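Below you'll find the structure, written out as C-alpha coordinates, and then a few comments.
Written out as C-alpha coordinates, the structure reads:
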(Lines of atoms letter the chains of each structure in order from A and count residues from 1; the text may use other names and numbers.)
(Lines give C-alpha, C1' and ligand atoms only; values in the text may rest on other atoms or scores of the structure.)
Protein backbone atom coordinates (compact mmCIF):
# COMPACT_ATOMS: atom_id res chain seq x y z
CA UNK A 1 0.00 0.00 0.00
CA UNK A 2 2.96 2.31 0.61
CA UNK A 3 4.07 1.95 -3.03
CA UNK A 4 0.56 2.79 -4.24
CA UNK A 5 0.49 5.90 -2.04
CA UNK A 6 3.89 7.14 -3.22
CA UNK A 7 3.01 6.51 -6.86
CA UNK A 8 -0.32 8.28 -6.38
CA UNK A 9 1.35 11.30 -4.81
CA UNK A 10 3.76 11.54 -7.74
CA UNK A 11 0.94 11.28 -10.28
CA UNK A 12 -1.21 13.85 -8.49
CA UNK A 13 1.78 16.24 -8.35
CA UNK A 14 2.23 15.79 -12.12
CA UNK A 15 -1.47 16.54 -12.59
CA UNK A 16 -1.24 19.63 -10.40
CA UNK A 17 1.81 20.87 -12.31
CA UNK A 18 -0.07 20.33 -15.56
CA UNK A 19 -3.00 22.38 -14.27
CA UNK A 20 -0.63 25.10 -13.08
CA UNK A 21 1.12 25.29 -16.43
CA UNK A 22 -2.21 25.34 -18.21
CA UNK A 23 -3.59 28.08 -15.98
CA UNK A 24 -0.52 30.33 -16.07
CA UNK A 25 0.84 29.79 -19.57
CA UNK A 26 -1.98 28.04 -21.47
CA UNK A 27 0.42 25.10 -21.95
CA UNK A 28 -0.89 21.54 -21.59
CA UNK A 29 2.14 19.42 -20.67
CA UNK A 30 0.34 16.07 -20.96
CA UNK A 31 -1.15 17.07 -24.31
CA UNK A 32 2.28 18.20 -25.51
CA UNK A 33 3.92 14.91 -24.46
CA UNK A 34 1.26 12.81 -26.21
CA UNK A 35 0.89 15.10 -29.27
CA UNK A 36 -2.64 16.28 -28.53
CA UNK A 37 -4.87 16.68 -25.51
CA UNK A 38 -7.44 14.21 -26.88
CA UNK A 39 -4.99 11.55 -28.05
CA UNK A 40 -5.26 8.04 -26.64
CA UNK A 41 -2.08 8.44 -24.57
CA UNK A 42 -3.23 11.72 -23.05
CA UNK A 43 -6.65 10.31 -22.18
CA UNK A 44 -5.03 7.30 -20.50
CA UNK A 45 -2.70 9.64 -18.56
CA UNK A 46 -5.66 11.77 -17.42
CA UNK A 47 -7.58 8.68 -16.28
CA UNK A 48 -4.57 7.29 -14.38
CA UNK A 49 -4.01 10.64 -12.65
CA UNK A 50 -7.71 10.77 -11.73
CA UNK A 51 -7.57 7.25 -10.30
CA UNK A 52 -4.48 8.23 -8.29
CA UNK A 53 -6.36 11.19 -6.80
CA UNK A 54 -9.32 8.97 -5.94
CA UNK A 55 -6.94 6.46 -4.34
CA UNK A 56 -5.46 9.19 -2.13
CA UNK A 57 -8.97 10.13 -1.02
CA UNK A 58 -10.13 6.61 -0.14
CA UNK A 59 -6.87 4.99 1.06
CA UNK A 60 -7.12 6.40 4.63
CA UNK A 61 -10.62 4.94 4.86
CA UNK A 62 -9.45 1.54 3.61
CA UNK A 63 -6.50 1.40 6.00
CA UNK A 64 -8.72 2.32 8.92
CA UNK A 65 -6.63 5.30 9.97
CA UNK A 66 -9.14 7.82 8.70
CA UNK A 67 -8.48 11.53 8.84
CA UNK A 68 -7.20 12.85 12.15
CA UNK A 69 -7.96 16.52 12.67
CA UNK A 70 -6.65 16.93 16.18
CA UNK A 71 -3.23 17.65 17.49
CA UNK A 72 -1.24 14.80 19.04
CA UNK A 73 -0.64 16.93 22.14
CA UNK A 74 -4.34 16.68 22.95
CA UNK A 75 -3.89 13.04 23.91
CA UNK A 76 -1.08 13.72 26.39
CA UNK A 77 -2.33 14.50 29.88
CA UNK A 78 -0.52 17.02 31.99
CA UNK A 79 0.64 16.09 35.48
CA UNK A 80 -0.84 18.27 38.18
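In the working numbering, the protein residues as written are 13 to 92. Where is the CB? At the ideal position from N, CA and C, for every residue including glycine. Given the structure is predicted, the values throughout are model-derived calculations rather than measurements.
Residue 17 sits in a helix when the DSSP states are folded into three classes.
In this structure, residue 23 sits away from residue 66, with a CB-CB distance that is not shorter than 8 Å. Secondary structure at residue 36: helix, using DSSP grouped into helix, strand and coil. Distance from the CA atom of residue 28 to the CA atom of residue 74, rounded to whole angstroms, is 24 Å.
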